[in-house]
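The opening position of the sequence shown corresponds to residue 54 in our numbering, with each subsequent residue numbered one higher. We put the beta carbon where it would ideally sit given N, CA and C, even for glycine.
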Amino acid sequence: MIEQKGALEVMDVSAAERFVIDLLRAKGPMSTMEIERYARKEHKRCPDQTVIFLTKMRKKGMIKGEVSMEKRGWLWWVP
């Protein structure tokens, strides 16, 4: 299969979880949009809409998140 230029790789759940956790450990707290932008630069995307995927990770206790008025959306970090 020929990969299209600029095509995004849809990560499987475990790869996406590792990507998010590694990113938050390296960069510190990030908004949903910041995580999406960084993933896009790496030509990757979460298996669900990003905010839904991050919410699932939060419910599993893998990451923390809260609404941030300053960031105008959710802010995520590793506990």
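Whole-angstrom C-beta distance between Trp129 and Ile88, which should lie under 8 Å: 7 Å
Cβ separation of Trp127 and Gly118, assumed to be a contact under 8 Å, to the nearest whole Å: 5 Å
Residues near Met47 in its chain [Cβ-Cβ closer than 7 Å; skip 5 each side]: As displayed, the chain neither begins before 54 nor continues past 132, which places residue 47 out of reach and without an answer.
Integer Cβ distance of Asp62 from Lys97, believed to fall under 8 Å: It is worth fixing the name first, because residue 62 is Glu in this sequence and not Asp. Indeed, because the Cβ distance is near 5 Å, the residues count as touching under 8 Å.
Rounded Cβ spacing between Ser84 and Lys124 (contact assumed at less than 8 Å): 4 Å
Ser67 versus Thr108: straight-line alpha-carbon distance, rounded: 15 Å
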